[in-house]
Every structure is written in C-alpha cells, then in structure tokens.
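One structure is given here, and the rest of the page talks about it.
Residue numbers (my numbering): 70 to 525.
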C-alpha cells in the first residue's frame with residue numbers, strides 16, 4: 070500500500086462511526102415507521118378482509134410505482150454535484166444544482182399525477198380493481214404529487230439532518246394509523262383507508278419540505294436565488310446522471326410494486342395481499358441494516374469530493390459486512406417466528422403468507438450484504454453500470470415471474486425474488502471490482518525507461 074493510499078484510508082473508522090450514528094438516528098424513526106405500518110396493515114386486514122385489502126394494496130402499489138418511476142432521484146444529484154460547492158462556499162454554484170433538481174421534481178409531479186389519474190380508469194380490471202373502485206383510485210393518484218420529495222430529502226442528508234428524517238419516517242405512519250383507526254371506527258370501506266394513506270403522504274411531505282426550507286435559509290443558501298438561469302452549467306454529465314439514477318430506481322421498483330401488481334393480475338387480490346403482507350414484514354425485519362444506505366451516500370459523496378477513493382472502498386466493505394451480519398439475524402427471526410408473527414399481527418387468515426415471507430426476507434438479506442455497492446458506483450460517477458445490472462436482472466425477473474407464479478404460486482415468486490437479488494449483487498460486485506482495478510492501475514506510477522536501463 071502506498072503512503073497516499075494509507076492516508077486516504079486513515080480516518081475511515083470515524084466516518085464509519087458517523088454512518089452508524091446517522092443510521093441509528095434513522096433507525097428510531099424507521100423502527101416506529103415499520104411497527105406503525107404493520108399496525109395500519111393489521112387494522113386494514115381486520116376491517117376489510119383479504120380480498121378488499123388486496124384491492125387497497127394494488128391501488129397503493131400502482132400509485133407508489135408511478136411516484137417512483139416519474140421521480141428523478143434528485144437527492145442523489147444534490148449529493149453528487151452539491152457536496153463540493155457547499156464545502157467550498159460556492160453559493161451560486163450550489164443554487165444552480167438546487168434549481169436543476171427542483172425543476173426536475175416539479176416536472177415529475179405533473180407527469181406522475183396525470184398518468185396516475187388516467188391509468189386508474191384505463192387499467193381498472195387488469196390490475197385487480199374494478200370500475201367501481203376506479204374513481205377512488207384516481208383521487209388517490211393526486212397524492213403522487215407529494216411522493217416527489219427528492220430534493221428536500223437530498224438537502225437534509227447533505228446538511229447531516231438525519232434527525233429530521235427520523236421524525237418524518239415515524240410521522241407518515243403515525244398519521245396513517247390514526248386515519249386507519251378513524252376509518253375503522255366509522256365503518257369506512259377501502260376508500261377510507263386510501264384516504265388515510267393519502268393524508269399521511271401529504272403531511273409527511275409538508276414536514277420534510279418545510280424543514281429543508283428552514284435549513285436553506287439558516288445557511289444563507291437562498292440569498293438571491295433565482296428560478297431563471299443555466300440549469301447544468303458547471304455540472305458535467307448532469308442529465309445523464311439524473312436519467313441513470315432515475316432508471317436505476319425505476320428498475321428497483323420492479324422488485325416491489327410491479328411484482329405486487331403482477332401477482333394481483335395473475336392470481337387475484339387475496340394472493341396479492343399475502344404477497345404484500347409478507348413483503349412488508351420482510352422489509353421491516355431488514356430495515357435496521359438497510360438504514361445504513363442513506364447514511365452512507367453523503368459520506369461517499371464527501372470522500373469523492375476529497376478524491377479519497379481507497380477510503381471509499383474500505384468504508385463500503387465495512388458497511389456491507391456490518392449490515393449483512395444484522396440481516397442474517399433478521400432472517401433467522403423470520404424463519405423461526407414468521408407464522409406466529411403473522412397470525413398475531415394480521416390474523417389467522419394471513420398465516421399462509423409466512424412461507425413466502427421467508428423467501429422475501431432471504432432476498433432482502435442478499436440485498437443488504439450488497440447494499441454499499443450501488444452507492445459506491447454512483448458516488449464514483451458510474452450510475453450507468455448500476456443501471457445495466459438492474460436492467461438485465463429486472464428484465465429476467467419480470468419475464469420469469471408470470472411463469473413462476475402460475476406454476477408454483479407465491480413460493481415460486483419468492484424464490485425468483487431471491488435469485489434476482491443474488492444476480493443483482495453479483496453484477497454490482499463485478500462492476501465495483503472492475504472499477505477498483507482500473508483505479509489501481511491509474512494510481513501505479515509508470516517506470517522511468519532511463520531508470521530501467523540501469524537494472525539490465
């Protein structure tokens with residue numbers, strides 16, 4: 070190891086401690102979020118039954134899918150292009166990044182709501198809900214406007230305000246549970262629970278956006294801010310970066326919302342409810358480890374701004390090992406206590422979801438071991454590599470999913486999800502090792518031909 074590499078790696082432990090500390094802040098809010106989300110699902114399950122709950126789940130999945138697809142991952146753009154100007158006090162350059170991401174969010178909002186409202190009627194029947202539920206589904210799609218909060222999210226991460234994000238994570242589920250209890254008390258049907266979900270999304274957006282605005286004003290970053298001006302000047306490759314990170318997230322959604330929609334279309338709302346319940350419990354069990362990812366992004370962005378590439382690699386490896394160990398414990402808990410957990414929380418009728426839930430947790434564990442790889446590639450300015458891997462794996466998974474579901478039921482879908490997670494991890498690992506090898510060669514000094522003559 071060269072002296073420069075040793076200097077780059079020095080200080081990784083304090084950064085890792087900061088990543089874990091920020092993840093710990095998020096953990097408090099996300100743990101509350103996970104528990105309250107399960108509580109809302111349990112309330113809805115007991116009030117609606119498997120079939121109506123399946124319709125609710127499918128409408129929510131469609132709205133969340135569109136919200137993620139149209140939303141540019143502006144928070145990644147803020148971190149990638151905004152970290153250096155912020156550190157160097159270049160306010161105008163930072164405002165240019167901010168203007169670019171805000172305009173992306175606004176365009177995403179308009180597009181998402183329009184497609185969602187039209188699709189609620191156009192796809193009624195095909196995706197599991199009927200014409201009678203289409204008007205309620207269309208109204209729910211208005212909440213897509215408040216799912217696009219990427220810029221405030223990126224700002225708060227860049228400003229190291231993970232405490233705000235922790236509160237926001239719990240707030241959305243708290244509002245949802247209160248709304249669910251009101252709907253239960255009033256004897257409301259599926260529409261009442263849809264309204265509770267929409268109000269929770271709006272409330273959490275207001276809190277997130279308001280907090281980001283306060284932080285911008287506190288730091289004087291809005292002084293003489295203008296909406297007019299060049300969008301990407303001084304931001305090489307900004308459009309390509311934005312499109313690639315958006316596509317990467319869109320493909321990631323295929324593993325969640327699209328899979329739910331396919332299951333519902335092929336085997337009905339009740340099976341879709343089982344799939345969604347199992348996936349929600351799996352996500353809740355894997356959440357503590359996954360929370361290291363949002364805390365990791367800003368640290369990698371700062372290390373990249375300082376050209377400390379070897380330290381980035383060491384940090385990513387340490388985070389993967391730490392998170393994977395936690396995830397394995399969660400897999401054991403799911404395997405041993407899954408049926409009991411579902412019977413207690415959701416009711417006896419949902420106990421059959423336990424077997425597929427274990428496959429879903431297994432897929433999540435594989436993803437947790439690999440979670441630092443995509444942030445690493447994106448922070449190195451290689452989002453295209455992540456997109457290519459996700460595109461290949463997602464295409465294969467979605468192509469095989471109808472066959473797996475029709476031939477083997479939910480278990481086939483769960484096994485396919487685990488296999489896809491493994492393929493995704495291996496693909497990301499290959500690209501990161503390849504990039505690391507390229508950088509090592511670039512860092513190796515070329516021998517002086519004159520000095521070699523003396524060795525002959």
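All residues carry an ideal CB built from backbone N, CA and C; glycine is no exception.
Presumed contact (8 Å Cβ cut-off) between residue i and residue j, rounded CB distance
i, j, result
"residue 147", "residue 227", "6 Å"
"residue 462", "residue 496", "6 Å"
"residue 138", "residue 178", "With 8 Å as the limit, residue 138 and residue 178 do not qualify as a contact, their Cβ atoms being about 13 Å apart."
"residue 247", "residue 270", "Not really, about 14 Å apart at Cβ, beyond 8 Å."
"residue 173", "residue 141", "4 Å"
"residue 348", "residue 429", "5 Å"
"residue 285", "residue 224", "7 Å"
"residue 411", "residue 420", "5 Å"
"residue 374", "residue 152", "5 Å"
"residue 493", "residue 459", "7 Å"
"residue 474", "residue 341", "Going by Cβ atoms, the distance from residue 474 to residue 341 rounds to 11 Å, so no, they are not a contact pair."
"residue 370", "residue 448", "6 Å"
"residue 422", "residue 351", "Actually they are not in contact, since the Cβ atoms of residue 422 and residue 351 sit about 10 Å apart, beyond 8 Å."
"residue 121", "residue 259", "5 Å"
"residue 184", "residue 132", "Wrong, their Cβ atoms sit about 10 Å apart, outside the cutoff."
"residue 261", "residue 268", "Not a contact, Cβ separation roughly 11 Å."
"residue 245", "residue 105", "7 Å"
Residue i - containing alpha helix (DSSP H), residue span
i, result
"residue 51", "Any answer about residue 51 is impossible in this case: the structure gives the chain only from 70 up to 525."
"residue 436", "423-438"
"residue 191", "160-191"
"residue 334", "328-336"
CA-to-CA distance, residue j to residue i, given in whole angstroms
i, j, result
"residue 291", "residue 298", "15 Å"
"residue 193", "residue 325", "20 Å"
"residue 329", "residue 196", "10 Å"
"residue 74", "residue 444", "At residue 74, the pLDDT of 46 sits below 50, so the modelled position is not reliable; the number obtained from the coordinates is stated separately. Distance between the alpha carbons of residue 74 and residue 444: 21 Å."
"residue 334", "residue 399", "30 Å"
"residue 372", "residue 346", "39 Å"
"residue 487", "residue 408", "20 Å"
"residue 180", "residue 215", "13 Å"
"residue 243", "residue 504", "43 Å"
"residue 436", "residue 257", "38 Å"
"residue 402", "residue 468", "31 Å"
"residue 249", "residue 219", "27 Å"
"residue 265", "residue 222", "23 Å"
"residue 110", "residue 309", "39 Å"
"residue 275", "residue 114", "28 Å"
"residue 237", "residue 418", "32 Å"
"residue 190", "residue 128", "11 Å"
"residue 470", "residue 145", "30 Å"
"residue 300", "residue 143", "13 Å"
"residue 338", "residue 202", "13 Å"
"residue 452", "residue 316", "9 Å"
"residue 390", "residue 499", "17 Å"
"residue 454", "residue 464", "16 Å"
"residue 479", "residue 472", "11 Å"
"residue 169", "residue 239", "29 Å"
"residue 431", "residue 332", "19 Å"
"residue 263", "residue 187", "18 Å"
"residue 426", "residue 253", "27 Å"
"residue 456", "residue 134", "18 Å"
"residue 387", "residue 394", "11 Å"
"residue 305", "residue 314", "15 Å"
"residue 149", "residue 156", "12 Å"
"residue 124", "residue 415", "16 Å"
"residue 273", "residue 108", "18 Å"
"residue 287", "residue 293", "14 Å"
"residue 384", "residue 230", "21 Å"
"residue 516", "residue 302", "Note that residue 516 has pLDDT 49, beneath the 50 cutoff, so the model's placement of it is unreliable and the number below is only indicative. Looking at the two C-alpha atoms, the distance is approximately 39 Å."
"residue 76", "residue 381", "Unreliable positioning characterises residue 76 in this predicted model, as indicated by a pLDDT of 43, which lies under 50. The coordinate reading is nonetheless provided below. Between residue 76 and residue 381, the C-alpha separation is close to 12 Å."
"residue 343", "residue 119", "8 Å"
Proximity test, residue i beta-carbon vs the ligand ZN heavy atom, cut-off 7 Å
i, result
"residue 441", "Among the components modelled here there is no ligand, and therefore nothing to report on the ligand ZN."
Exercise for review: Would you mind listing the beta strand (DSSP E) stretches within the segment 199-264 that are 3+ residues and don't spill past its ends, in chain order?
Suggested key: none
Review point. Would you call the segment 150-168 and the segment 204-211 in contact, with 3 or more CB pairs under 8 Å?
Key: For the pair of segments examined, the segment 150-168 was found not to touch the segment 204-211: the number of CB pairs separated by less than 8 Å stays below three.
Practice item. Go through the segment 109-169 residue by residue and report every complete run of the alpha helix (DSSP H) that reaches 4 residues or more, in order. Key: Fully enclosed alpha helix (DSSP H) runs of 4 or longer: 143-156.
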